[in-house]
Structure formats: C-alpha cells, structure tokens
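K.L.:
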C-alpha cells in the first residue's frame, strides 16, 4: 500500500509533471558516472530525499565492470561527476521521468551546462538512446 501511495505521489507531484526544471537542493552521494542520489527542493521527504537520479542520454562505464580498464575509467568518471556536482552553484533536472529502477531519469544541468555532454566530451561516457550497450573493454 505504501508503494502505491508513493507511486501516486511521484506521478502526480507537480514538481515532476510538466516542470521546466527541478532544482536539486543537495547531492547526497555519487554512485558512478551516470547515477547519484540527491535531495530535491520543495518535494515531500518521502519522494524527494535521497532519491536516485540517472543522467539521461548517456552510458558510463560500470564500477563492477568486465575488465580493469572499465573499472578504472568508471572511477575516473565518478570522480569527474563528484567534482562537477559538489562544486556547482546550481543543479537542475530537466525532462524528468522514471526509469525501470524507479530512479529519476533526467537531463542534468550543472551551472547551465549539460552534465551528460560534459561526460561525453571528457571521454567518460557515450551517447545512449536505449538498446544494447557497447562494451568498455578492448
């Protein structure tokens, strides 16, 4: 019952549906190059505290990757994202929706720049639009 209530709150919460941008109040933790947890300003604690956020449109290497090269690149990607997010004045989520793991899937903007594009430009991620992912091991 609680899960149903949470789902209804999330789907109907005005901050998620139709909003131009959702402001991240604080970053709680950075999991890897494309996922972090955050507190969302103005959202009830049950749906806005420690919520997982997945950066839309990219694929970053996994910390539990298939080879040492992927793991090393994943650690560098996480460090890059940690630096970007913790040194930001403003973090916004745009075009927010839910992913299959119930995280927020969003374009993440850090001080007016796309985090996804910054990761791609730095070589820490690839564009991703769904389907089979390309491996990181050579």
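Numbering (the working numbering), first residue to last: 1 to 138. Heads up, the beta-carbon is just placed ideally off N, CA and C, and yes, glycines get one too.
1) Opposite residue 63 in the DSSP bridges: which residues?
2) Figure out for me which residue from 78, 115, 128 and 39 has the closest Cα to the Cα of residue 64.
3) For residue 116, name the three-state secondary structure that DSSP assigns.
4) Got a sec, what are the start and stop residues for the alpha helix (DSSP H) residue 76 sits in?
5) Tell me which residue opens and which closes the alpha helix (DSSP H) that residue 48 is part of.
6) Round the Cβ separation of residue 35 and residue 47 to the nearest angstrom and send it over; I've been treating them as touching at under 8 angstroms.
7) Alpha carbon to alpha carbon, what distance is there between residue 123 and residue 73?
8) Leaving out five residues on either side along the sequence, give the residues of the same chain with a beta carbon under 8 angstroms from the beta carbon of residue 119.
9) On the criterion of 16 or more Cβ atoms from any shown chain inside 10 Å, does residue 42 qualify as buried, or is it exposed?
10) Can you tell me the Cα-Cα spacing of residue 89 and residue 24, whole angstroms?
11) Would you tell me roughly how many angstroms separate the C-alpha atoms of residue 51 and residue 38, rounded to the nearest one?
12) Tell me whether residue 100, by its Cβ, gets closer than 7 angstroms to a heavy atom of the ligand NAP.
P.N.:
Inspection of the coordinates gives the following:
1) According to DSSP, residue 63 bridges with nothing at all.
2) 78
3) helix
4) 68-86
5) 45-48
6) Not a contact, Cβ separation roughly 18 angstroms.
7) 9 angstroms
8) 33, 34, 55, 58, 60, 77, 80, 81 and 125
9) exposed
10) 10 angstroms
11) 5 angstroms
12) With respect to the ligand NAP, the structure offers nothing, as it holds no ligand at all.
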